[in-house]
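Visitor: As numbered in full-length UniProt numbering, residues 1 to 263 make up the sequence shown, in order.
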Amino acid sequence: MNVPIKTPSEIEKMREAGRQAASVIEMITPHVKAGISTGEIDRLCHEYIVNELGSTPAPLNYHGFPKATCTSINHVVCHGIPDDAKKLKNGDIMNLDITVRTPDGYHGDSSVMFVVGDTIQGERLCRITQECLYKSIALVKPGVRLSELARVIQQHAEAHGYSVVRDFCGHGIGADFHEDPQFLHYDGYAPDADIRLEAGMCFTIEPMINVGGYKTKVLRDGWTAVTKDRSLSAQWEHTLLVTDTGVDVLTARSDEDFSFLNA
1 MNVPIKTPSE IEKMREAGRQ AASVIEMITP HVKAGISTGE IDRLCHEYIV NELGSTPAPL
61 NYHGFPKATC TSINHVVCHG IPDDAKKLKN GDIMNLDITV RTPDGYHGDS SVMFVVGDTI
121 QGERLCRITQ ECLYKSIALV KPGVRLSELA RVIQQHAEAH GYSVVRDFCG HGIGADFHED
181 PQFLHYDGYA PDADIRLEAG MCFTIEPMIN VGGYKTKVLR DGWTAVTKDR SLSAQWEHTL
241 LVTDTGVDVL TARSDEDFSF LNA
């Protein structure tokens, strides 16, 4: 497996890509409320990425994907296609997945959950899923194996009665949207895939956690992945840089506190 190690120059480009991805989420957050359509959310993000950031939404036309963002509501696990007919309603949960490609050609990838109105089950799932992400980020440093990160995600999810999606994974990222390594969010690594982290690696952690079983299926549009049992699903994602001493969260937002990484 050829896992790219970023040069200092590439790391600075990745930092800018991560900052831009985070800024898109911060921009759109006040707009996400009951009554807005996922099509409008997508348009606002697309216009901001192009007109304000001077960058490109990486998902658009990627292997034929038709929109700038992914909007995945309730039992949709990932790759939901924005649509003017899909309006958010009270009790929904939605994942918004943003990937920005900067003029330098580097990618920042992040996703966030929105809880619309009141939903105790949805709020709990979103909270535990974010905890899975944070617990795995806290372990990132040179020498740690991917399976160690995956194990803490699986253990935390299953301790709360949830399951971890097997069909989709995190990934390396840089000048290419998807690079090596693939990062499974459950402990199912073949020995040759369970690599040790090295300083200069960039990759995403993006656990998809279901209330019910872990199995998924892709709808006829060829993109939208849903839980087979139609149970709720949640996902959070960050782009990470492995440093000499630990990790930098390249897509960190202003509402997040990562001081625990230096504790």
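Even glycine gets a Cβ: it sits at the ideal position worked out from N, Cα and C. Keep in mind it's a predicted model, so treat the numbers as computed, not measured.
Curious, which full-length alpha helix (DSSP H) runs of at least 4 residues does the stretch 36 to 108 contain?
Guide: 38 to 47
Visitor: On the DSSP letters alone, give me the boundaries of the beta strand (DSSP E) that M208 sits inside.
Guide: In the sequence shown, residue 208 corresponds to position 208, counting from 1. Bounds of the beta strand (DSSP E) holding M208 are M208 to N210.
Visitor: Can you tell me the Cβ-Cβ gap for A34 and S110, rounded? I've got them flagged as a contact below 8 Å.
Guide: Locating residue 34 in the sequence shown gives position 34, where the first residue counts as 1. Locating residue 110 in the sequence shown gives position 110, where the first residue counts as 1. The Cβ separation is near 24 Å, so there is no contact.
Visitor: Are the Cβ atoms of T99 and K13 separated by less than 8 Å?
Guide: Within the sequence shown, residue 99 is the residue found at index 99, counting from 1. Within the sequence shown, residue 13 is the residue found at index 13, counting from 1. No, these two residues do not count as a Cβ contact at 8 Å.
Visitor: Does the stretch 182 to 190 come into contact with the stretch 236 to 244, if we say contact requires no fewer than three beta-carbon pairs (one atom in each stretch) closer than 8 Å?
Guide: no
Visitor: Would the stretch 199 to 206 and the stretch 173 to 183 be scored as touching if the rule is three or more Cβ pairs under 8 Å?
Guide: Using a C-beta cut-off of 8 Å, the stretch 199 to 206 makes contact with the stretch 173 to 183, since at least three inter-stretch Cβ pairs fall below that distance.
Visitor: Determine the extent of the beta strand (DSSP E) in which A234 is found, giving its start and end residues.
Guide: One-based indexing of the sequence shown puts residue 234 at position 234. Here the beta strand (DSSP E) through A234 covers S233 to Q235.
Visitor: Does the distance from the CB of T163 to the CB of N210 come in under 8 Å?
Guide: Working through the sequence shown from its first residue, we reach residue 163 at position 163. Working through the sequence shown from its first residue, we reach residue 210 at position 210. The sequence given here places Ser at residue 163; Thr does not occur at that position. Contact: yes.
Visitor: Taking the alpha helix (DSSP H) that K135 belongs to, which residues open and close that run?
Guide: Taking the first residue of the sequence shown as position 1, residue 135 is located at position 135. Its alpha helix (DSSP H) spans residues I120 to I137.
Visitor: Residue range of the alpha helix (DSSP H) that P8 falls in?
Guide: Here residue 8 corresponds to residue number 8 of the sequence shown, with the count starting at 1. Start and end: P8 to I28.
Visitor: Which one or two residues does DSSP pair with I205 in a beta bridge?
Guide: On the sequence shown, position 205 is the one that residue 205 refers to. In the DSSP output, where bridge partners are listed per residue, I205 has H238.
Visitor: Am I right that R196 and G143 are in contact with their C-beta atoms under 8 Å? What's the rounded C-beta distance?
Guide: Counting from one through the sequence shown, the residue named residue 196 turns up at place 196. Counting from one through the sequence shown, the residue named residue 143 turns up at place 143. Indeed they touch by this definition, with Cβ atoms about 5 Å apart.
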